[in-house]
Amino acid sequence: MNASKHFPSFQSFYDRLHLHIRLFMILVLINIVFPSIQQLFTGSLILAQATGFFMVTFPVSLYFIISDSVIGGQSIGKRKVGIQVVNKNNTSVSVKQMVYRTVLKFLPWELSHFLAYHLVYIGDGEVPFRYYLIGGLIYFFIFVYIFTAIFTKEKRALYDKFARTKVIKTEIQKKNIEM
Numbered sequence: 001m002n003a004s005k006h007f008p009s010f011q012s013f014y015d016r017l018h019l020h021i022r023l024f025m026i027l028v029l030i031n032i033v034f035p036s037i038q039q040l041f042t043g044s045l046i047l048a049q050a051t052g053f054f055m056v057t058f059p060v061s062l063y064f065i066i067s068d069s070v071i072g073g074q075s076i077g078k079r080k081v082g083i084q085v086v087n088k089n090n091t092s093v094s095v096k097q098m099v100y101r102t103v104l105k106f107l108p109w110e111l112s113h114f115l116a117y118h119l120v121y122i123g124d125g126e127v128p129f130r131y132y133l134i135g136g137l138i139y140f141f142i143f144v145y146i147f148t149a150i151f152t153k154e155k156r157a158l159y160d161k162f163a164r165t166k167v168i169k170t171e172i173q174k175k176n177i178e179m
């Protein structure tokens, strides 16, 4: 029995896992071929944050902005599992709306990068109270996003509510559910 046939979210999980493994292997290869890139993360906190943003967050954000907006319609993963991000009229989301959604969606991720760089920088020194607050804020966002997506009547994450977007099942997903 193929579990992914009956539970499309499992297939989505495995697709994402394989993608993350491939991306990790690419990053390892880049670090082997270009070891000087590592120095960008060990100097200035501002340079480390900017490097991390432009090498990781920005490309991923750009992918979602382009692929999930009116430009692309659906990302590859969303197309494969049969879901789509739409606006309140159930049509493709504008680029501006998708930028707003993506910024809100990746805020905890970028705050995590910020916190990680700062914690590495202080080493074994005393952790300032504001870093605990930032860590708490990260978890707050994550839990709110998850709980609003699971437990609200509309099943929409908080960033979807603020961006006035929603995730719907497409015809492909509806056919898979009926089978």
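For the sequence shown, UniProt numbering begins at 1 and goes up steadily by one. In this text, a Cβ means the ideal position worked out from N, Cα and C, and glycines have one as well. Since the model is a prediction, treat every value here as computed from it, not as a measurement.
Under the rule that 16 or more other beta-carbon atoms within 10 Å means buried, what is T165, buried or exposed? buried
Short Cβ contact (7 Å threshold) for A163 with R101: Closer than 7 Å, so yes.
In angstroms with no decimal places, state the Cα-to-Cα distance between T57 and Y139. Each residue's Cα considered, the two are about 18 Å apart.
DSSP beta-bridge partners for T165? N87
Hey, could you find the ends of the alpha helix (DSSP H) Q97 is sitting in? V95 to I122
Out of F54, V167, H20 and I168, which one is the CA nearest neighbour of E110? Checking every option, the nearest Cα to that of E110 belongs to F54.
Under 7 Å, do F64 and P108 count as touching if we go by C-beta distance? no
Nonlocal neighbours in the same chain, by C-beta distance under 6 Å from F143, ignoring five residues either side: none
Of the choices D160, L115, E126 and V85, whose alpha-carbon is the least far from that of I168? V85
Where L133 and P59 are concerned, what is the direct C-alpha to C-alpha distance, given to the nearest angstrom? 28 Å
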